[in-house]
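Q: Numbers given in my numbering equal positions in the sequence shown, counted from 1, plus 4.
Cβ atoms here follow ideal geometry from the backbone N, Cα and C, with glycine treated the same way.
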Amino acid sequence: MNNYCANCGKSLEGLPYKCRYCGEYFCVDHQLPENHVCQGLDEWKSGKLKEFKKEVKTSERPSRSKIFGIIKKNIWVEFLIVIGVVVLLIALLRMLA
């Protein structure tokens, strides 16, 4: 380990900051990758971007007919449930009368 900042050459007093992207040591002013123009960060970002693009597949948007088909099916199910409840209520009222 060098006792001087890799960016400005300032003496590293206390705890030096080691960049996890390039492995160099920096002072407080240059500890962030953006502050020392980190080459390792650019490589890391480009590698991660490539991995991300591989993982992400284009999603297939459902067509309107599929969406409306699902809605129509659900409406029919709800309609049949309501009819069933009405029939049960009528049967209960006849039994009580």
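1) Under the rule that 16 or more other beta-carbon atoms within 10 Å means buried, what is F30, buried or exposed?
2) Quick check on K22: does DSSP put it in helix, strand or coil?
3) Could you check the C-alpha separation between L92 and E82 for me, to the nearest Å?
4) E28 to G18, Cα distance in whole Å?
5) If Q43 and Y21 are in contact, beta carbons under 8 Å, what's the gap, nearest whole angstrom?
6) Looking at N39 and D46, is the spacing between their C-beta atoms short of 8 Å?
A: On the basis of the data shown:
1) Here residue 30 refers to the residue found at position 26 of the sequence shown. Burial call: buried.
2) Here residue 22 refers to the residue found at position 18 when the sequence shown is read from its first residue. Three-state DSSP puts K22 in a strand.
3) As a working mapping, residue 92 is identified with position 88 in the sequence shown. As a working mapping, residue 82 is identified with position 78 in the sequence shown. Distance between the alpha carbons of L92 and E82 is about 15 Å.
4) Along the sequence shown, one-based indexing puts residue 28 at 24. Along the sequence shown, one-based indexing puts residue 18 at 14. Cα to Cα, E28 sits roughly 16 Å from G18.
5) Reading the sequence shown from its first residue, position 39 is the one you call residue 43. Reading the sequence shown from its first residue, position 17 is the one you call residue 21. That pair is no contact at about 17 Å.
6) Walking along the sequence shown from the start, residue 46 turns up at place 42. Walking along the sequence shown from the start, residue 39 turns up at place 35. Going by C-beta atoms, D46 is not nearer than 8 Å to N39.
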